[in-house]
Amino acid sequence: MVATWTPDQPIVQCVEVRKSFGALEVLKGISLSVRKGEVICIIGPSGSGKSTLIRCINALQPISSGSIQIEGIEVTDPRLDKLALRRKVGMVFQQYNLFPHKTALQNVMMAPIHVLGQKRAEVEARARALLAKVRLAGKEDSYPGELSGGQQQRVAIARSLAMRPDIMLFDEVTAALDPETVKEVLVTIRELAEDGMTCLLVTHEMNFAREVADHVYFTDRGVIVEHGPPETLFTAAKDERTQRFLSQVL
Ligand code: ADP
Ligand code: MG
């Protein structure tokens with residue numbers, strides 16, 4: 018398939034996405050899009066299918082029906098070049114999964130060297146710059162075990178950025194962190210967004226969503242109940258399910 022995508026079209030376009038695990042339908046017709054430079058937040062109760070959707074977008078799981086396109090490329094196409102997709106789409110999870118026996122710098126350098134075959138000297142310069150960008154200058158030679166959860170998560174973000182993705186997916190990246198380190202990770206993501214990085218986040222951080230998101234989707238039990246700009250969704254939600262959820266978390 019020849020992609021005819023142009024940057025004025027959505028980077029991510031999900032249309033009527035359905036996904037079942039056996040008899041359990043987890044995504045029941047999800048449609049959403051993310052344009053270049055946008056910050057989109059997905060909120061909703063546990064078990065809504067948020068992580069499943071993120072995993073489907075990154076082709077980590079197949080969908081049952083519907084369509085997901087990344088820059089015009091159908092991720093469900095069996096001929097999909099998954100490596101090419103992974104280069105476009107950076108992903109950070111709740112578990113940062115750094116290599117424990119590698120330093121912060123080595124963790125950030127690995128993929129560009131081993132996956133992309135780039136030159137070590139260039140990769141190292143860029144990895145140092147990325148660690149500085151996520152406010153970890155001085156921690157290059159620290160091992161993950163010597164860093165706080167928030168610092169490790171920022172190494173994970175730098176590691177993703179090292180692949181020069183066009184979009185970053187974040188799935189509850191602060192959910193496992195101590196409260197005092199949550200903020201520093203959110204600051205990093207906010208700075209990325211301000212630099213123009215396109216971001217799709219699943220988050221429980223409502224203040225973050227409110228302040229940083231361009232658009233917020235509220236999901237419940239596999240459907241998008243409602244969506245809109247944060248100032249509308251957080252103050253004038255129309256659906257009773259959204260109102261109830263927000264009253265519990267705000
Ligand atoms: P959320 O991220 O919104 O909490 P998930 O996408 O993790 O929701 O899960 C949605 C539903 O799908 C849950 O009922 C979960 O148990 C189920 N589920 C997720 N992954 C699998 C899987 N690999 N196999 C079977 N069921 C799954
Ligand atoms: Mg989840």
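Under my numbering, think of the first position of the sequence shown as 18, with each following residue one higher.
C-beta: ideal position from N, C-alpha, C; glycine also.
Between the C-alpha atoms of residue i and residue j, what's the straight-line distance to the nearest angstrom?
i, j, result
"V295", "T69", "Because the chain here runs from 18 to 267, residue 295 falls outside it and cannot be looked at."
"A253", "L148", "40 Å"
"D237", "L218", "16 Å"
"L182", "L209", "For the sequence presented, residue 182 should be read as Pro rather than Leu. Distance between the alpha carbons of P182 and L209 is about 12 Å."
"V266", "E201", "21 Å"
"G66", "I59", "10 Å"
"G39", "S84", "20 Å"
Which residues does DSSP list as the beta-bridge partners of residue i?
i, result
"Q86", "Q30, E91"
"T215", "I184"
"H244", "Y234"
"R35", "K45, S82"
Return yes when the Cβ of residue j is within less than 8 Å of the Cβ of residue i, no when it is not.
i, j, result
"G107", "L186", "yes"
"I28", "V56", "no"
"V242", "K45", "no"
"P246", "A226", "no"
"L178", "Q168", "no"
"R145", "L122", "yes"
"G166", "L194", "yes"
"L102", "I80", "no"
"L250", "V229", "no"
"V172", "N124", "yes"
Any heavy atom of the ligand MG closer than 7 Å to the CB of residue i?
i, result
"D188", "yes"
"V219", "yes"
Does any residue of chain C bring its CB to less than 8 Å from the CB of residue i?
i, result
"G213", "Protein chain content of the structure displayed is limited to a single chain, and chain C is not contained in it."
- prompt: Where the beta carbon is closer than 5 Å to any heavy atom of the ligand ADP, which residues qualify, in chain order?
  reply: Cβ atoms closer than 5 Å to the ligand ADP belong to F38, V43, S63, G64, S65, G66, K67, S68, T69.
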